[in-house]
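Notes follow once the structure below has been shown.
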Amino acid sequence: GPKLKAMKFLSMMSVYSVISKPMMLPLISCRMVSLMTKYGFCDDSIIGLVTAGWTLYTFTNKITPSYRIIKVAESLIQSRPTKSIIYSRSSGYFAWLKIVVEPVQSVMCDFGDAYNSSMLAGDVV
C-alpha cells in the first residue's frame with residue numbers, strides 16, 4: 408500500500424541524505440521507525456532502525472543505546488531472505504558503530520561481508 412511505498416521512499420532518501428543533507432537523517436529515521444511501529448515490519452524498516460541507531464550516535468554521541476539498536480537491526484537482517492540487499496545498504500553504519508564498541512579485530516570481517524553483500528546486490532562495480 409501507500410505506507411510501504413512511503414517506507415521505500417524514505418529508505419532511499421536516507422541513503423542519499425547521509426551525504427547531501429545529513430541534518431535530515433534524524434527526521435527520516437524517526438519517521439521510518441514511527442511508520443514501522445504503527446503499520447508493521449518490512450525490509451525497509453530495518454534500514455530505518457539502522458539509520459536511527461546511527462543518527463543517535465552521530466548527533467548525541469550516545470554509544471550504548473545506538474549500539475543496541477544496531478545489534479537489533481543486525482539480528483533482524485539475519486532472519487530476512489533479502490539480507491544481502493539490506494546489509495549492502497546498511498553495512499557501513501554497522502561497521503563504523505561496532506568499531507567504536509568492539510575490538511577492531513572482530514569488526515574487520517564485517518567489512519568483507521559488506522563488500523560481498525554489495526557485490527551480490529550489484530552496488531559495487
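All letters in the sequence shown, in the order written, are residues 408 to 532 by the numbering used here.
We put the beta carbon where it would ideally sit given N, CA and C, even for glycine.
Model, not experiment: these values are computed from the prediction.
Can you name, in chain order, every residue of its own chain whose Cβ lies under 7 Å from the Cβ of residue 474, other than the five neighbours on each side? So the list reads 504, 508, once near-sequence residues are dropped.
Hey, how far is the Cα of residue 457 from the Cα of residue 418? Between residue 457 and residue 418, the C-alpha separation is close to 10 Å.
Helix, strand or coil: how does DSSP classify residue 486 here? Assigned with DSSP and collapsed to three states, residue 486 falls in coil, not helix or strand.
Would you mind stating whether residue 506 and residue 480 have Cβ atoms separated by less than 8 Å? Taking 8 Å as the Cβ cut-off, residue 506 and residue 480 do not qualify as a contacting pair.
Given a threshold of 16 other Cβ atoms within 10 Å of its Cβ, counted over all protein chains shown, does residue 500 qualify as buried or as exposed? So residue 500 ends up on the buried side.
Going by C-alpha to C-alpha distance, which of 512, 413, 415, 472 sits closest to residue 459? Residue 472 is the option with its Cα nearest to residue 459.
If you follow the alpha helix (DSSP H) that residue 437 is part of, which residue opens it and which one closes it? Segment 432-446, the alpha helix (DSSP H) holding residue 437.
Excluding the 5 residues flanking residue 430 on each side, which residues of the same chain have their C-beta closer than 7 Å to its C-beta? Setting aside the 5 residues that flank it on each side, residue 430 has no residue in the same chain whose C-beta is closer than 7 Å to its C-beta.
Is the beta carbon of residue 432 sitting closer than 8 Å to the one on residue 441? With contacts defined as CB atoms closer than 8 Å, residue 432 and residue 441 fail to qualify as a contacting pair.
Can you name, in chain order, every residue of its own chain whose Cβ lies under 8 Å from the Cβ of residue 437, other than the five neighbours on each side? Once the five neighbours on either side are set aside, the close Cβ partners of residue 437 are 459.
What are the boundary residues of the alpha helix (DSSP H) that includes residue 415? Its alpha helix (DSSP H) spans residues 409-427.
Under a three-way DSSP split, which group does residue 469 fall into? Note: residue 469 maps to coil in three-state DSSP.
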